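Please read the structure below before turning to the comments.
What follows is the structure, given as structure tokens:
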């Protein structure tokens with residue numbers, strides 16, 4: 003298994019209007035490893051973009067429910083991020099803390115890392131994604 007991308011839901015890297023610890027460093031470290039990142043939100047992308055820019059969190063892509071995309075658990079946002087970043091869904095790790103994210107990942111054929119919840123991987127903080135990526139290898 004190789005990972006080309008890590009997708010975070012907005013809630014998995016931002017809480018109460020602030021970046022979670024090491025969230026920016028994780029995005030930068032993924033980039034340094036050649037792994038693209040995206041942030042997915044179940045709302046419109048523009049408010050999320052403003053928030054992420056303010057916090058210094060700059061993923062390769064941001065996908066919301068713009069253009070009629072259905073919110074998760076539908077896999078629409080996952081598929082759109084895959085299309086934008088030119089990665090197949092089976093090389094994507096989705097990080098989220100909800101059943102909604104787990105269902106979306108399963109529907110899209112992505113791996114799922116449960117942040118504080120169970121998944122193919124269970125993690126306690128976004129930074130733990132790096133050990134998953136390092137263990138899986140990368141295809142880029």
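Numbering (the numbering used here), first residue to last: 3 to 142.
Just so it is clear, CB atoms sit at the ideal spot from N, CA and C, and this is done for glycine as well.
Keep in mind the model is a prediction, meaning the values are calculated, not measured.
- [ ] Buried or exposed for residue 137, please, with buried defined as at least 16 other CB atoms from any protein chain shown within 10 angstroms of its CB.
- [x] exposed
- [ ] Write down the C-beta distance between residue 64 and residue 21 rounded to the nearest angstrom, noting that I regard them as a contact closer than 8 Å.
- [x] Contact doesn't hold; Cβ gap of about 15 Å is too wide.
Task: Per-residue DSSP class, three states only, for residue 101 - done: helix
Open item on the list: At the level of alpha carbons, what is the spacing between residue 31 and residue 127?
Closed with: 15 Å
Task: Inter-residue Cα distance where the pair is residue 14 and residue 53 - done: 14 Å
Open item on the list: Going by DSSP in three states, residue 120 sits in which element: helix, strand or coil?
Closed with: coil
TODO: Keeping to the same chain, check which residues put their C-beta closer than 7 Å to that of residue 68; ignore five residues upstream and five downstream.
DONE: 46 and 47
Task: When 55, 79 and 8 are compared against residue 102, the one with the closest alpha-carbon - done: 79
TODO: Give the straight-line distance between the Cα atoms of residue 117 and residue 104, rounded to the nearest whole angstrom.
DONE: 11 Å
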